[in-house]
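All remarks here apply to the structure that follows.
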Amino acid sequence: MSPPEATYGPLSIDDAHGDDDDDEARYDDDDDADDYDVSSTPTRVTRWFLHRRTCACSTLLLLPMTVLAVVSSHVVVERYHMSFPNLLRTVLGVGVGGGSVSNDALEICASRVESDQYVLTSAEDLVTTRLASAFSGGLARDDDDYDDYGGKTITSNGFLWDDEDARTTRWRPQGVTTFRAANGTGGRSFALVSWYGRADEGYSDRGGRISFVDVSGMVRRRHGRRLDDTTTTTTSTATTNAIATVPAGRYPYEHVLLVDERFCTLPNIHVGGIEYVDGTLYVADSRVGHRRILEFELDGGLYETSSWADIDVQSLGHRYVLRMSGSSFRSPVTPSFLSYDHDRDEFVIGTYSNCVGKFGVHAMSGECFDRTENRLVWLRGGGGDAIDAGSIARNDYGPSVDEVSPGGDASWDNAPSDDVTSNGTNGVRSSPWHYFSEMQGAASAIVGNATVVWISSSYGPIGDSHLHVVRDPLVRGGHLPDCAVDLVMEDVKIFRLPPGLEDLHIERRTGDNRYMWMVTEFGTRRVFATRLEYLLP
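Residue numbering for the sequence shown follows numbering that gives the first Met the number 0, starting at 0 and increasing by one per position.
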């Protein structure tokens, strides 16, 4: 007698492994067992197809998410110049979150300082290994003509950094100035740009650096026409350039690390403003407890690292260092930035302050005018000299002056006569204004019969920066008005510029052929010059 015919359903995974105990444990009672349809259990093949379909769906979801993450990271680096995690930290206010301040940053010193380790050199003999690219185009827009079509743009000329410096998140550009090397009229012309090491990238202990950009061959153009009758070209020899030839439209440059008298870095320094005057580079030091203007002698303070093979150890990847002279002077306000008014032989020093909160309305807020933090100071040396060593370069202000607040009960005009006066008869002339939120740079010059003041304000990596221009004949007469009282917005002309506008510098030239140099830190990092007459109120 043959056995009864058996019926077979699809083989389950558990049955395939002979796991009868697990199969029994799957059900709590007989009712569940009766309802169970063994035919509904997927086969191995079915499970394989289900697994592949799930993987395909996951891949379809992960692919656009990955692309979005890569694109977002690229945008963050290109526009914000910080890593995506550090951007989140900045927005959330967690940790350092950007900037130059790190509480645990320590100075880095050379392992040894011997006569054969650092060799004195000069800017004229600087060997450059990098190339910036020239550009010319409309950057500044007249706010009076601003409309939905972008308004009228003003031609500027300058340069863009090489790919590495254009994208780096470890260093951020801040200050700008210009000078001509001492070799007579044929010397090399340089634009100097300061950078600070980012704390959130672990670079705050490296302090600051200066880029020496050889702009000797720069041809400035005005609406397509040459401004200069003659132009000089960069000398490309083995003694001045590591690059065999410099292509047209390129400017060679080199980074130089700032060090103190002991050849140690200046940790946490922001180098928000720099100015070259008569052989000396002045650097704003806004670190807590400092509030000084540091001095670096270009003729006698520039050193080449002779142990070229050991450069990463000795100078943190820099072939050259610029050594502090040991001299400095105290600023009556926190020196976030500075420039020099050659018409009046005065420093212009200012303080950065965000008076409306990190995410508030920044530009042109009227409440900024009554904040004592938003200050500008004009500082003059006595004796009729541009800078008198006895009155400015070696002068430390007393506490009575440091505590003076413009617009308050004690004004600078009422300060003790042996510290500060309004006419400069006792060595130092200084008077502050209230101004705008988030000031990044300031410069002044005499134009016609009035002093014109330019102030830059930056509102992050997205919004347009503002260049505020104020014509104030009272400044030349010796009275620097309190902005909260004397200045109204109708007196201010605004030019819109790309995000991240920082320091300002008026190039010293004869006659009216003068240029305003500017630098941006966000987006496409630019260093550029604009004819001063185009930026008048």
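Think of the CB as a built atom: it goes at the ideal place given N, C-alpha and C, for glycine as much as any other residue.
Rounded C-beta distance between residue i and residue j? I'm assuming under 8 Å.
i, j, result
"residue 127", "residue 253", "4 Å"
"residue 277", "residue 251", "The Cβ separation is near 25 Å, so there is no contact."
"residue 249", "residue 125", "Actually they are not in contact, since the Cβ atoms of residue 249 and residue 125 sit about 16 Å apart, beyond 8 Å."
"residue 173", "residue 258", "Wrong, their Cβ atoms sit about 18 Å apart, outside the cutoff."
"residue 290", "residue 333", "6 Å"
"residue 520", "residue 455", "No, residue 520 and residue 455 are not in contact; Cβ-Cβ is about 11 Å, not under 8 Å."
"residue 457", "residue 298", "That pair is no contact at about 33 Å."
"residue 319", "residue 255", "4 Å"
"residue 523", "residue 138", "Contact doesn't hold; Cβ gap of about 10 Å is too wide."
Quick one: give me the first and last residue of the alpha helix (DSSP H) that residue i is part of.
i, result
"residue 166", "162-166"
So the beta strand (DSSP E) residue i belongs to, where does it begin and stop?
i, result
"residue 217", "First-last for residue 217: undefined, no H or E at that position."
"residue 172", "170-179"
"residue 251", "249-258"
"residue 502", "500-505"
"residue 153", "152-159"
"residue 519", "514-519"
"residue 136", "129-141"
"residue 196", "188-196"
"residue 118", "117-119"
"residue 435", "Note, residue 435: premise wrong, no beta strand (DSSP E); not H, not E."
"residue 349", "345-349"
"residue 458", "Looking at the DSSP string, residue 458 is not in any beta strand (DSSP E), and its letter there is neither H nor E."
"residue 320", "319-329"
"residue 525", "525-530"
"residue 374", "374-379"
"residue 261", "From DSSP, residue 261 is part of no beta strand (DSSP E); its letter is neither H nor E."
"residue 338", "336-340"
Can you tell which of the options has its C-alpha closest to the C-alpha of residue i?
i, options, result
"residue 207", "268, 262, 263 and 186", "268"
"residue 217", "517, 247, 193 and 196", "247"
"residue 343", "508, 350, 379 and 314", "379"
"residue 327", "346, 339, 292 and 337", "292"
"residue 287", "454, 265, 299 and 280", "265"
"residue 107", "120, 117, 315 and 303", "315"
"residue 531", "175, 331 and 517", "517"
"residue 507", "298, 119, 496 and 340", "340"
"residue 304", "134, 449, 119 and 495", "119"
"residue 465", "448, 450 and 503", "503"
"residue 452", "526, 461 and 376", "376"
"residue 189", "209, 536 and 436", "209"
"residue 282", "347, 122, 158 and 492", "347"
"residue 440", "153, 335 and 135", "335"
"residue 116", "262, 61, 457 and 491", "262"
"residue 496", "260, 155 and 109", "155"
"residue 498", "505, 492, 491 and 525", "525"
"residue 351", "329, 132, 317 and 284", "284"
"residue 204", "62, 105, 325 and 192", "105"
Please check if any C-beta of chain D sits within less than 8 Å of the C-beta of residue i.
i, result
"residue 254", "Within the model displayed, chain D is absent; a lone protein chain is all it includes."
Taking only runs of the beta strand (DSSP E) that begin and end inside the stretch 274-305, which ones reach a length of at least 3 residues, in chain order? 279-284, 291-296 and 301-304
How do the stretch 198-213 and the stretch 162-177 stand: do at least 3 beta-carbon pairs fall below 8 Å, yes or no? yes
Cβ contact check for the stretch 513-522 and the stretch 440-455: 3 or more pairs under 8 Å: Judged by pairs of C-beta atoms under 8 Å, the stretch 513-522 touches the stretch 440-455, as three or more such pairs exist.
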